[in-house]
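Undergrad: Have a look at this one.
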Amino acid sequence: MQTQEVPRPTNIAPIALLPSNPLHTRLLNVLLIIWRAMTISRKVAIGSAIVGFFIVVGLFGPFFMPYNPNATSNLFIAPPSGAHWLGTTVVGEDIFSQLIYGTRTSVFWGLATGLLVTVLSVLVGLIGGYFGGWTDDSLTLATNVSLVLPALPLAIVLAAYFPRGPLTIAMVILITNWAWQARVLRSQTLSLRSREFVTAARASGEHTWRIIFFEIFPNEIGLVVAGFVSTTIYVILTWAALEFLGLGDGSIPSWGSMLYWAQQAGALGGGLWWWFIPPGFCIATLGAGLALINFGIDEIADPRLRPERPVKATKSKKEFHADRLSEANHDSGVGGLLRNERA
Amino acid sequence: MSDPGQAEEGASAYHHPGPILEAVHLRKMFPLRSWNLSGPKRAVHAVEDASLALYPGRATALVGESGSGKTTVARMLAGLYSPTSGAIRFRGEPAKLSDASYLRIYRRHVQLILQDPFSSLNPVHGVRYHLERPLHIYRLVHNKTQETEHILSLLNRVNLSPAEQFIQKYPHQLSGGQRQRVAIARALAVQPEVLLADEPVSMLDVSIRLDILNLLLRLKEEERLALLFITHDIASARYFAEETLVMYAGQMVEGGPSDEVIQRPLHPYTQLLVSAAPDPDHLSPDGDTGTPLAGGRSLLPARGEIPSLINPPSGCRFHPRCPHAMPVCSQRFPGRTELGSGRWTHCFLYGDGETSSENLHSSVTPAQTYQSSS
Amino acid sequence: MVTNLHTNAQTNTLLEVKNLNVDYLASNGTVHAVTDVSFTLQRGEILGLAGESGSGKSTLAYAITRLLRSPAMITGGEILYYPRSSQEERNTSRVTLTRLSRNGKREHKKNGNGHSEDEKQPIDLVQLSPAQLRDIRWDELAIVFQSAMNALNPVMTVRAQIMDVLRTHRPHMGPDSRKQRALELMQLVGIAPDRLRSYPHELSGGMRQRAIIAIALALSPEILILDEPTTALDVVVQREILTEIMRLRETLDFSVIFITHDLSLLLELADNVAIMYAGRIVEKASRRDLYLHPRHPYSFGLLNSFPALHGPRRRMSGIPGSPPDLRAVPTGCSFHPRCPLAFDTCHAVLPLLQPAQGEENGQIVACHLYDSRFKAEPPATADLARAYEALAEGRGVQ
């Protein structure tokens, strides 16, 4: 007997995105997921707004720059005025235009590098976690070594050796940052590997690579996305740090390079606040926005962390599942049973 | 090495007189990692000499408590663990389950159903995905239409109707019983000859267990499947299977026709198991036997608990708890004593591995240890 | 029947639950986990609560002990607890276990009879404040949870956990007397004294369950609620634990509410059995009456879902369908979609608990089949059996 039900999955994203659904449904679902995710709590809404703002500025801002960011002029170190909203640099470049162009550079490279790091950590974590044995041992060794090495000094050393430029910085950040998320995913994979649906897939004769990427990985998407966001925060900060230290390509305006040039010109000592505060502020704000989203992702991915709100206004979709015999295995004691949520 | 895939017609064409799947003296030890390189290697002695035979159209129950090794035996038969020693024979030929390509073909013929319906289906995939995977792996269908037809007919076979509705569902939208049916359908998708069911109903609501068991019985009749039913509930073993085997702490202790084994248990452990099982029917006709539990039947308190498998007791592993233990019981494990009409036991009380002509079924008196009411 | 040795002439009632309602408030609607449940627990009685998923039995247990957390809340009804008046003593002839009163003074158990007193006013547990609840909980009312073995703190020894309970509820006890008491309790439940300093992971499942029971009995409560205490244990250990509980009950004289899905167990253990379905009690009867003539079709179906250990082998069928999702409970009688004897009234009208026609033995059932307004002749047990068989044949099961 089938009772009437409204689907209320614990983790909607992977289900909606899988190839078993037709394309238009998937696209619609993606938008729905994003919208739902963004409005799930105030923290996430604010964070998404911030990040969204920067992405929009990064994409479209450069079309509306008042000046060419590299164009020098005769107005040196001018404080903000009507002509130059954020003043000018020591060689007369418009800071506001630089900021806008820098948004595109920083955001794009930040996200791209974050993505690369995530992909590498997924591969290492999943493969090590699933196979175990010496594969896992050697990958874990590499992970641990990478974790132990101090990232920033290593990055500086590596960047100093290789030709200046964003590609170098991206590679350097990749090498020094993949380990943390890899370890997290490895332990998650280890725990999923012993779940019965993996055993059932093996007993059905499923190929190993399919098990890893189609059975185990979809269950970890929440973790991966959360990892991506937190990695990106760190990546953006590291980018800025490396450029500030002069290891980037100074000729391409970005937040970090603006700080570099400001430092070179003695802006901090000279009190040229309009030069170094805006890029610093942007870095901090974008980081904060991503962090806010990260808090929210924890809530989305794990329904048990959602706030328990009474009947009235609440956007969090909580589930109620009646007592199950197997709950004894998943939850222990009072907490799990009282909340009656799926483990 | 013969290819088990040769007889593609399925169980109905299988006319081999012997068992379709056989376990011969299987042994499984799980080594424990120890940092002490010089000391003895520690291991979990999960299974010690298990032998069983499965026949088409017959259900065999493997009964035991936790730590008895019954799940390990099933997983060895399913190719998920490789036996430390012993052999598995499929259709009379040795099954080389360590060979990946053989294993792939073997799995078409021997399927496993797991215990927990709430975790044996991947929560991110729908019913359709779960059922189409086996069809794709073994290339049983060639286009989408065929696939859909096949899946719908599978769903109907396991009484998930209307099938068109169920094909779109996700596991969290299904009840425990429905999920277990999907798991059964998945196992049936490749048209196996042997179904290994590892506690298929233990985690389901009581009122739907019989439904699932009856479904399995019906499939057994219709498809002439050989079923291995693993359970801790001896009453459902009696209901479901023609033959019951009892395991304790990795050793097989008794076996025979289900009704016989349960009505007249011979091995002291089987007697303990039968007397401990809940049995409301023992209440006298007026439904009252005095103080509940204490007076209803006479039970010897079961001393001790299931032993650790890392340092199991020597010889017969039940001897520390057995009221009839003799010195020889701790020295070695008794051989298999045939007692006629398909019954056998491993117990020094009845012999030591001979088929004694005196030990015919009618003259064996079960050791009076645990009086179960009859 | 357990002979009740109290001579309290007024009443033997220990706990009275009246029209209890527990709801889960969620954003997408309220779920009625327990609806209109009433029952009485006498001193010295073992009451069994049987039900499957969604029956509300666990929720009921938590409601009685006031352990529910938001979003679950008690939305109506009373839970009346009749405490023993302070001058009554318990009859514990066999064990000299000192009962510890709240102010730390030891009162020795007297043999013999309690004397009747003017009845103390019952306390409504629903109305109590958290502070008052703390007094009652564990002292008068103890609960052993499902999978309680996992409720032991893995980093504390067992003895430390027992002493912890004592320290919380008996602040006047010194550490030595606490240790003594812990030893007493462990011996009581059958754990060897040398396991006192073991950590939970060093003990087997059965031992841990005994330890939990020891903790529950630490303050000699009047009522012990057991929520599926043996589900996770093997059948032999289960039998041991249950025998142990019964023995303790004889010695310490507490009442038991035993919650389980295993009806066959209850038929061996309990004095009275209440069967719950979809949050309501659908039948209540003594063990014997339920076994001989289950009235409610669900009770009958449930009883016949347990394959028999002895007796003739026959094809059995459970109950078709599955327990309802509490978010979408069927109208009228919630069992009607699965019931082989449902008729038109069942879809519309909610049946109330009342004695079947002509019954005098206290068996009550919530079923229209026994309501003379709707059915002239109530069905006999054999009719229920036939109806289920017909249903099974119709579904092609047989």
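Protein chains in written order, with the numbering used here: chain A, -14 to 328; chain B, 19 to 392; chain C, 2 to 399. Quick reminder that beta carbons are idealized off the backbone N, C-alpha and C, glycines included. Just so you know, these numbers come straight off a predicted model, no measurement behind them.
1. Kindly indicate if chain C contains any beta-carbon less than 8 Å away from that of His250(B).
2. Identify every residue that forms a DSSP beta bridge with Pro49(B).
3. The beta strand (DSSP E) with Thr41(C) in it runs from where to where?
4. Where Trp163(A) and Phe202(A) are concerned, what is the direct C-alpha to C-alpha distance, given to the nearest angstrom?
5. Could you name each continuous alpha helix (DSSP H) segment of 4 residues or more that falls completely within the region 21 to 88 of chain A, going from the start of the chain to the end?
6. With a cut-off of 8 Å on the beta carbons, I'd call Leu74(A) and Ala140(A) a contact; round off their distance for me.
7. Would you say Gln129(B) reaches chain A, if we count a Cβ-Cβ gap shorter than 8 Å as a contact?
8. Please classify Gln129(B) as buried or exposed, where buried requires at least 16 neighbouring CB atoms within 10 angstroms.
9. Leaving out the 5 sequence neighbours to the left and right, which residues in its chain are closer than 7 Å to Ile248(B) when beta-carbon positions are compared?
10. Would Ile268(A) be called buried (16 or more neighbouring beta carbons within 10 Å of its own) or exposed?
11. Gln281(B) touches chain C at which residues, Cβ-Cβ below 8 Å?
12. Are the CB atoms of Gly97(B) and Leu72(B) within a distance shorter than 8 Å?
13. Which residues of the region 222 to 233 of chain B have a Cβ closer than 7 Å to any Cβ of chain C? Give them in chain order.
14. Quick one: is Gly118(A) near chain B, going by C-beta distance under 8 Å?
15. Below 8 Å between beta carbons is the criterion; list the residues of the region 138 to 166 of chain B that meet it against any residue of chain A, in chain order.
16. Could you tell me which of Val23(C), Asp263(C), Gln364(C) sits nearest to Pro295(C), measuring between CA atoms?
17. Helix or strand or just coil, what does DSSP make of Leu48(C)?
18. Under the three-state reduction of DSSP, which class applies to Leu245(B): helix, strand or coil?
19. Spell out whether any CB of chain B is found under 8 Å from the CB atom of Gly190(A).
20. With DSSP as the reference, identify every bridge partner of Ile124(C), one or two as the case may be.
21. Under the three-state reduction of DSSP, which class applies to Trp362(B): helix, strand or coil?
22. Is any heavy atom of the ligand NAP found at a distance shorter than 7 Å from the C-beta of Lys187(B)?
23. Using a cut-off of 7 Å between C-beta atoms, extract the partners of Ser306(C) located in chain B.
24. When DSSP labels each residue in this structure, what does Arg103(B) get in the three-state scheme?
25. Verify the CB distance criterion: does Asn92(C) have a CB-CB separation below 8 Å to chain B?
26. Here's a check: name, in chain order, each residue in its chain whose Cβ is nearer than 7 Å to the Cβ of Ile9(B), leaving out the five neighbours to either side.
27. How would you write the range of the alpha helix (DSSP H) that Gln133(C) sits in, first residue to last?
28. Going by DSSP in three states, Val128(B) sits in which element: helix, strand or coil?
29. Given that a residue counts as buried once 16 or more other Cβ atoms are within 10 Å of its Cβ, and exposed if not, what is Arg103(C)?
30. Which whole-angstrom value describes the C-beta separation of Gly85(B) and Pro135(B), a residue pair presumed to lie in contact below a C-beta threshold of 8 Å?
31. Does any CB atom of chain C fall closer than 8 Å to the CB of Asp299(B)?
32. Can you list the residues of chain B that Ala211(A) reaches, using a CB-CB cut of under 8 Å?
33. For Ile40(A), I'd like the list of residues in its chain whose CB is within less than 8 Å of its CB, leaving aside the five on either flank, ordered along the chain.
34. What residue from His33(C), Leu189(C), Arg328(C) has the CA that sits closest to Ile242(C)'s CA?
35. Give the residues of chain B in contact with Thr125(A), contact being defined as C-beta atoms less than 7 Å apart.
36. Among Ala144(A), Arg149(A), Pro148(A), which residue has its Cα nearest to the Cα of Ile158(A)?
TA: So, from the listed chains and residues:
1. If you number the second sequence from 1, residue 250(B) lands on position 232. Yes, contact with chain C.
2. Taking the first residue of the second sequence as 1, we reach residue 49(B) at position 31. According to DSSP, which records beta bridges pairwise, Pro49(B) is partnered with Ala61(B).
3. In the third sequence, counting from the first residue as 1, residue 41(C) sits at position 40. Thr41(C) -> beta strand (DSSP E) spans 30 to 43.
4. Here the question's residue 163(A) lines up with position 178 in the first sequence. Here the question's residue 202(A) lines up with position 217 in the first sequence. Straight-line spacing of the CA atoms in Trp163(A) and Phe202(A) works out to 18 Å.
5. For the region 21 to 88 of chain A, whole alpha helix (DSSP H) runs of length 4 or above, ordered along the chain, are 27 to 45.
6. Within the first sequence, the letter at position 89 stands for residue 74(A). Within the first sequence, the letter at position 155 stands for residue 140(A). Checking the displayed sequence, the identity of residue 74(A) turns out to be Thr instead of Leu. Separation of the CB atoms of Thr74(A) and Ala140(A) is rounded to 26 Å, and the pair is thereby denied contact status at 8 Å.
7. As a first step, residue 129(B) is located in the second sequence; it is residue number 111 there, counting from the start. Interface residue, yes.
8. Your numbering for residue 129(B) matches position 111 in the second sequence. Under this definition Gln129(B) is a buried residue.
9. Residue numbering aside, residue 248(B) sits at position 230 when the second sequence is read from its first letter. Residues Leu80, Lys88, Thr89, Ala92, Ala215, Asp216, Glu217 of the same chain have their beta carbon placed closer than 7 Å to that of Ile248(B), with the five preceding and five following residues left out of the count.
10. Reading the first sequence from its first residue, position 283 is the one you call residue 268(A). When all chains shown are included, Ile268(A) counts as buried.
11. Indexing the second sequence from 1 puts residue 281(B) at position 263. Correct list: His311.
12. The residue labelled residue 72(B) in the question sits at position 54 within the second sequence. The residue labelled residue 97(B) in the question sits at position 79 within the second sequence. No, Cβ-Cβ distance for Leu72(B) and Gly97(B) is not below 8 Å.
13. Asp223, Val224, Ser225, Ile226, Arg227, Leu228, Asp229, Asn232
14. Within the first sequence, residue 118(A) is the residue found at index 133, counting from 1. It does not; no Cβ of chain B falls within 8 Å.
15. Ser138, Leu139, Asn140, Pro141, Val142, His143, Gly144, Arg146, Tyr147, Arg151, Pro152, Ile155, Tyr156
16. The count along the third sequence starts at 1 and reaches residue 295(C) at position 294. Measuring from the Cα of Pro295(C), the nearest candidate turns out to be Gln364(C).
17. The residue labelled residue 48(C) in the question sits at position 47 within the third sequence. The answer is strand: DSSP assigns Leu48(C) an E or B state.
18. Working through the second sequence from its first residue, we reach residue 245(B) at position 227. Strand, per DSSP.
19. Looking up residue 190(A) in the first sequence gives position 205. Answer yes: the Cβ-Cβ gap between Gly190(A) and chain B drops below 8 Å somewhere.
20. Taking the first residue of the third sequence as 1, we reach residue 124(C) at position 123. DSSP output for Ile124(C) lists Tyr82(C) as bridge partner(s).
21. Taking the second sequence and counting its residues from 1, the one referred to as residue 362(B) is at position 344. Trp362(B): strand per DSSP, three-state reduction.
22. Although the ligand NAP was asked about, the structure shown includes no ligands whatsoever.
23. Here residue 306(C) corresponds to residue number 305 of the third sequence, with the count starting at 1. Near Ser306(C) (Cβ distances below 7 Å), the residues of chain B are Val224, Ser225, Arg227, Leu228.
24. Taking the first residue of the second sequence as 1, we reach residue 103(B) at position 85. The sequence given here places Ser at residue 103(B); Arg does not occur at that position. Strand at Ser103(B).
25. Translated into positions along the third sequence, residue 92(C) becomes position 91. Its pLDDT being 41, under 50, Asn92(C) is placed unreliably by the model, and the measurement read from it follows with that caveat. Judged by the 8 Å Cβ criterion, Asn92(C) is not in contact with chain B.
26. Residue 9(B) cannot be examined here, being either before or after the span of chain B that is shown, 19 to 392.
27. Stepping through the third sequence from its first residue, residue 133(C) is reached at position 132. From DSSP, the alpha helix (DSSP H) with Gln133(C) extends over 131 to 137.
28. Here residue 128(B) corresponds to residue number 110 of the second sequence, with the count starting at 1. In the three-state reduction of the DSSP assignment, Val128(B) falls in the strand class.
29. Start at 1 with the first residue of the third sequence, and residue 103(C) comes out as number 102. Residue placement at Arg103(C) cannot be trusted, given a pLDDT of 44 that sits under 50; the coordinates are not used to answer.
30. One-based indexing of the second sequence puts residue 85(B) at position 67. One-based indexing of the second sequence puts residue 135(B) at position 117. About 23 Å separates the CB atoms of Gly85(B) and Pro135(B); that is not less than 8 Å, and the two are not in contact.
31. The residue given as residue 299(B) occupies position 281 in the second sequence. So yes, Asp299(B) belongs to the interface.
32. Position 226 of the first sequence, counted from the first residue, corresponds to residue 211(A). Near Ala211(A) there are no residues of chain B at all, since even the closest Cβ is about 17 Å away, more than 8 Å.
33. Translated into the one-based positions of the first sequence, residue 40(A) becomes position 55. Val92, listed in sequence order.
34. As a working mapping, residue 242(C) is identified with position 241 in the third sequence. Out of His33(C), Leu189(C), Arg328(C), Leu189(C) has the C-alpha closest to the C-alpha of Ile242(C).
35. Taking the first sequence and counting its residues from 1, one reaches residue 125(A) at position 140. Those do not exist, as Thr125(A) stays about 15 Å from chain B at its closest Cβ, beyond 7 Å.
36. Residue mapping note: residue 158(A) aligns to position 173 of the first sequence, counting from 1. Of the candidates Ala144(A), Arg149(A), Pro148(A), the one whose C-alpha sits nearest the C-alpha of Ile158(A) is Ala144(A).
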